[in-house]
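Report on one structure; see the data block that follows.
There are 2 protein chains.
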Amino acid sequence: MTAQSDAAGEVLAALADPTRRLILDTLAKHGEATGTTLANELPVTRQAIVQHLSVLDRVGLVASRKDGRERWYAVRPRQLLDTARWMNQVAAQWNARLTTIKRLAEGVDGEFPGR
Amino acid sequence: MTAQSDAAGEVLAALADPTRRLILDTLAKHGEATGTTLANELPVTRQAIVQHLSVLDRVGLVASRKDGRERWYAVRPRQLLDTARWMNQVAAQWNARLTTIKRLAEGVDGEFPGR
DNA sequence: GTCATCTGCAAGTCGATGCTTGCACAAATG
DNA sequence: CATTTGTGCAAGCATCGACTTGCAGATGAC
Chain A
1 MTAQSDAAGE
11 VLAALADPTR
21 RLILDTLAKH
31 GEATGTTLAN
41 ELPVTRQAIV
51 QHLSVLDRVG
61 LVASRKDGRE
71 RWYAVRPRQL
81 LDTARWMNQV
91 AAQWNARLTT
101 IKRLAEGVDG
111 EFPGR
Chain B
1 MTAQSDAAGE
11 VLAALADPTR
21 RLILDTLAKH
31 GEATGTTLAN
41 ELPVTRQAIV
51 QHLSVLDRVG
61 LVASRKDGRE
71 RWYAVRPRQL
81 LDTARWMNQV
91 AAQWNARLTT
101 IKRLAEGVDG
111 EFPGR
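Protein sequence lines, in the order shown, are assigned to chains A and B.
Once you know that position 101 of the first sequence is 101 in full-length UniProt numbering, the rest is easy, because the numbers rise by one and skip nothing.
Once you know that position 9 of the second sequence is 9 in full-length UniProt numbering, the rest is easy, because the numbers rise by one and skip nothing.
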């Protein structure tokens with residue numbers, strides 16, 4: 001119920017890094033790119049980029065294709081959509097629980113602090 | 001366009017930690033809980049839990065209320081929903097870009113590797 | 001064949017952070 | 001008032017991960 005190889009968690013961890021999000025952005029902008037291409041316009045080394053791409057590939061956020069001596073990467077939306085769906089489900093659970101609590105505390109008009 | 005105080009990134013980073021997700025789960029299950037309550041049923045110290053709750057509060061995933069000498073925490077779905085929406089938008093952008101590319105590469109029937 | 005370029009592997013550095021222990025303070029109970 | 005219980009602050013440790021540098025191998029160009 002909670003753990004099912006935890007795909008969502010992996011994707012979240014991958015997306016948590018700002019550089020990785022930047023790489024994904026750039027990649028999506030170009031459609032396809034190689035490690036060296038990305039390194040040319042991003043403020044990090046090619047090695048760093050390749051390592052990030054390795055992480056992103058492991059969780060299925062990018063895919064790679066080898067052409068000659070070049071390796072081309074592209075973005076894959078599916079995992080992102082799945083994770084978004086997961087988040088919506090969790091949020092729905094929270095909402096359900098909160099409304100239940102509210103119903104139990106019937107009559108109490110005090111809402112929760114607005115942070 | 002990319003940076004707008006980056007609320008999504010903050011939430012992602014907060015959700016990336018497994019212990020933090022466990023805390024959120026437990027919290028949602030109970031509706032409300034205190035640091036010591038959570039520490040009683042989770043395999044970490046109260047201090048660790050409070051620190052995590054501090055992070056979660058900073059990004060708006062939980063809110064706290066003080067009653068006497070006890071501080072009660074509860075989950076807040078809004079940030080989660082916002083982040084899910086953000087993910088959907090990004091995924092939509094990726095999809096749009098990918099279909100454009102595909103259209104440009106008209107005639108080519110080769111799909112992308114299935115990882 | 002020779003040279004330039006792109007990739008892949010490895011090791012090392014450095015900062016961030018998850019978790020702990022220790023203690024002081026505040027509030028409820030007797 | 002004394003005791004107990006819950007919270008808040010601080011410092012220390014230890015691990016993880018982001019990034020770099022260095023080099024070897026593979027592929028294309030001249």
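We treat Cβ as the ideally placed atom computed from N, Cα and C, and that holds for glycine.
Bear in mind the structure is a predicted one, so any value in this text is a computation, not a measurement.
Review point. Does the beta carbon of Ala84/A come closer than 7 Å to any beta carbon on chain B?
Key: Residue mapping note: residue 84/A aligns to position 84 of the first sequence, counting from 1. Taking Cβ atoms only, chain B reaches closer than 7 Å to Ala84/A, which makes this a yes.
Review point. How about Pro77/B and Asn95/A: are their beta carbons less than 7 Å apart?
Key: Looking up residue 77/B in the second sequence gives position 77. Looking up residue 95/A in the first sequence gives position 95. Yes, these two residues count as a Cβ contact at 7 Å.
**Study point:** Val52/B versus Pro18/B - alpha carbon distance
**Key:** What you label residue 52/B is simply residue 52 of the second sequence in a count that begins at 1. What you label residue 18/B is simply residue 18 of the second sequence in a count that begins at 1. Here the sequence assigns His to residue 52/B, which means Val is not the residue at that position. Distance from the CA of His52/B to the CA of Pro18/B, rounded to the nearest whole angstrom, comes to 11 Å.
Practice item. Could you name the residues of chain A that Arg97/B contacts, counting a contact when the two beta carbons are closer than 8 Å? Key: As a working note, residue 97/B is residue 97 in the second sequence. Chain A residues near Arg97/B: Ala28, Lys29, Gly31 and Val75.
**Study point:** Spatial distance of Ala91/B from Ala8/B (CA atoms)
**Key:** For the purposes of this step, residue 91/B is taken as the residue at position 91 of the second sequence. For the purposes of this step, residue 8/B is taken as the residue at position 8 of the second sequence. Roughly 14 Å between the two C-alpha positions.
Exercise for review: Decide yes or no for the touch test of the region 50-66 of chain B against the region 47-62 of chain A: beta carbon pairs closer than 8 Å, at least 3 of them.
Suggested key: no
Exercise for review: Quickly, what does DSSP pair Lys66/A with across the bridge? List them, please.
Suggested key: Along the first sequence, one-based indexing puts residue 66/A at 66. Paired residue(s): Arg71/A.
Check your understanding: When you compare only the Cα positions, how much space is there between Ala84/A and Leu104/B?
Key -> If you number the first sequence from 1, residue 84/A lands on position 84. If you number the second sequence from 1, residue 104/B lands on position 104. Distance between the alpha carbons of Ala84/A and Leu104/B is about 29 Å.
Check your understanding: Taking buried to mean at least 16 other C-beta atoms within 10 Å of its own C-beta, is Gly35/B buried or exposed?
Key -> Within the second sequence, numbered from 1, the residue matching residue 35/B stands at position 35. Result: buried.
Practice item. Determine the direct distance from the alpha carbon of Glu70/A to that of Asp25/B, and round the result to whole angstroms. Key: Within the second sequence, numbered from 1, the residue matching residue 25/B stands at position 25. Within the first sequence, numbered from 1, the residue matching residue 70/A stands at position 70. Cα-Cα distance, rounded: 44 Å.
**Study point:** Close-in-space but distant-in-sequence residues of the same chain around Thr37/B (CB under 8 Å, 5 per side omitted)
**Key:** Residue 37/B sits at position 37 when you count from the first residue of the second sequence. Answer for Thr37/B: His30, listed in chain order.
Check your understanding: Which chain A residues sit within Cβ distance under 7 Å of Ile23/B?
Key -> The residue labelled residue 23/B in the question sits at position 23 within the second sequence. Those within 7 Å of Ile23/B in chain A number zero; the least Cβ separation is about 12 Å.
Check your understanding: Taking DSSP as the reference, what is the three-state secondary structure of Thr36/B?
Key -> On the second sequence, position 36 is the one that residue 36/B refers to. Residue state, collapsed to three classes: helix.
**Study point:** When Thr99/B, Trp72/B, Ser54/B and Tyr73/B are compared against Val11/B, the one with the closest alpha-carbon
**Key:** To locate residue 11/B, count along the second sequence from 1; it is residue 11. Measuring from the Cα of Val11/B, the nearest candidate turns out to be Ser54/B.
Review point. Is any beta-carbon of chain B found at less than 7 Å from that of Pro113/A?
Key: Indexing the first sequence from 1 puts residue 113/A at position 113. Only weak support exists for where Pro113/A lies, its pLDDT of 49 falling under 50; the coordinates are left without a value.
Practice item. For Gly9/B, return the contacting residues in chain A, with the cut-off set at a CB-CB distance below 8 Å. Key: For the purposes of this step, residue 9/B is taken as residue 9 along the second sequence, with counting starting at 1. Result: Ala16, Pro18 and Arg21.
Exercise for review: Can you grab the Cα-Cα spacing for the pair Ala14/A / Thr99/A, in whole Å?
Suggested key: Here residue 14/A refers to the residue found at position 14 of the first sequence. Here residue 99/A refers to the residue found at position 99 of the first sequence. Roughly 32 Å separates the two Cα atoms.
Check your understanding: Cβ of Ala13/A less than 7 Å from any chain B Cβ?
Key -> If you number the first sequence from 1, residue 13/A lands on position 13. Yes, because at least one Cβ of chain B sits closer than 7 Å to the Cβ of Ala13/A.
Exercise for review: Using a Cβ-Cβ cut-off of 7 Å, state whether Ile49/A counts as contacting chain B.
Suggested key: Position 49 of the first sequence, counted from the start, is the residue given in the question as residue 49/A. Not an interface residue.
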